[in-house]
Amino acid sequence: MKNLRIAIQKSGKLSEGSLKLLKKCDLNLRISKSNFLAKENKLGIEFLLVRDDDILGLIATHVCDFGIVGENLLHEYRSSKEPVQGRLELITVMPLKFGECRLSIAVPKKSSFKQIGDLNDATIATSYPHALAHFLTNNKVKANIVSMHGSVELAPRIGVADAICDLVASGVTLAENNLRELTKVFDSQAVLVGRKNYEQEKDRIKNEKIERLLARLESVVAAANSKYIMLHLDIKKIDELKKILPGCESPTILSLEGSKNRVAIHVVSEEDVFWDTIEKLKSIGASSILVLPIEKMMK
Ligand code: PRT
Ligand code: ZN
C-alpha cells in the first residue's frame, strides 16, 4: 500500500484526543458522519475511522501503517497466544500522553478479598482475558476467567463473577457499582502503534512522510505537559531552584537592570507545574513568576 494510512477510533473515548493531537500537528481531517475514510492535504495522509477493536488487525494486515489505540488493546493482543493467521509483531511507536487509564481487578466492597492471592479459585469477568491470564500466571494465582464484552462492572451483582478486571479512569464507575480496586494490572494511555519493521518501508516518499509525521507527533507530545517558566531570583538560590524544578539543570540566566544579586531565570520544565511547585518557588524568594504553556518542542 503506497499511501500512508492511519487508523483512528471513529467514535469513543480516544476520538477527540486523537483528532486534537493530529490538529496540533497541522493535520486537519475533514470528516463526514457517514464516512470512514478521511484525507488530509498537508502531508497527504489517509485516515481510516473505525472501531478501536479493528485497528490492530488493520495494521497487522497492512491495510494501515499506524493506528492510535489504548495500550491496553496492545497488551491484550500480545498476551493472546491463539495462532491468528498473518499475526505480526506490533509495537508502540510512541506513547501519546492522553487517554490515561489503568486495567485493574476490582471486587465487591463488602467481600473478604484483601489481596491478589485471595483470588485463587475465584471467577473474574473481563474484556481482557489474555492480559488477565498472563497477570494471574505471573502472580501464581489460579482463577476462572469469564469473557464479557461490555458492562463488566455488573458481573458481580448479577452473580456472573466474584470479581472483575476492567479499565478504570476516575474510579466513579467502580464506586457506583459498589466495587473497590484490589490490584492494578497495568497502566495504559493512547499510543501510536505500528508494525515492528515500519522503518524499513521501501517507498522513499512514504518514508519521508513517516519521518515528518513522527517528528511532528514527537514535538507535540513532548510539549504536552511542558511549561516555560520565567522568574526573578537571588543568584545564590540557583541550587535550591534546581531541586524544586525538574529538568532545569542549565537554566538561562539574565541580568536585571539595576540589580546585582537578583537575576531573571528562564527554564523549560518537561513536567506539569503544580501550585505546590509555585509555592516552593515563592518560599525560596522567587518573584514575578510566569508559567507559560509550550505548543511545540523540537529537540
Ligand atoms: O466503539 P469502540 O469499539 O470503538 O469503542 P469502545 O467502547 O470499545 O472503547 P472506548 O471508547 O470506551 O475506549 C477506548 C479506549 O479509551 C480504551 O481502550 C482505553 O484505552 C481508553 N480509556 C480511557 C478508557 C477509559 N479511559 C475508561 N474510563 N476506556 C474505557 N473506560 C471505561 C471503563 O471500561 C469503565 O466502564 O470507563 C469506565 C470507567 O471509567 P471511570 O472514570 O468511571 O473510572
Ligand atoms: Zn471497542
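In terms of the numbering used here, the sequence shown opens at residue 1128 and continues consecutively.
Glycine included, C-beta positions come from ideal geometry on N, C-alpha and C.
All of these numbers come straight from a predicted model, not from anything done at the bench.
- The straight-line gap separating the alpha-carbon atoms of L1164 and L1148 is approximately 18 Å.
- In the displayed model, I1332 falls within a helix according to three-state DSSP.
- In this structure, A1282 has its beta carbon at no less than 6 Å from each heavy atom of the ligand PRT.
- Going by DSSP, T1379 is part of the beta strand (DSSP E) stretching over T1379 to S1382.
- Remark: fewer than three beta-carbon pairs, one from each stretch, lie closer than 8 Å, so the segment 1240-1249 and the segment 1220-1227 are not flagged as touching.
- Residue burial annotation: R1132 is buried, with at least 16 other C-beta atoms found within 10 angstroms of its C-beta.
- At a Cβ-Cβ threshold of 7 Å, K1323 and E1216 count as neighbours.
- With a minimum length of 3 residues, the unbroken runs of beta strand (DSSP E) contained wholly in the segment 1299-1324 fall at 1306-1315 and 1317-1322.
- Within its own chain, the residues whose Cβ lies closer than 8 Å to the Cβ of K1137, once the five positions on either side in sequence are excluded, are F1163, L1176, V1177 and R1178, listed in chain order.
- V1273 and V1348 have their C-alpha atoms some 37 Å from each other.
- Taking a contact to require three or more Cβ pairs closer than 8 Å, the segment 1315-1335 and the segment 1387-1397 do not qualify as touching.
- Within its own chain, the residues whose Cβ lies closer than 7 Å to the Cβ of I1405, once the five positions on either side in sequence are excluded, are I1416, listed in chain order.
- Using a 10 angstroms sphere on the CB of H1261, the tally of other CB atoms reaches 16 or more, which defines it as buried.
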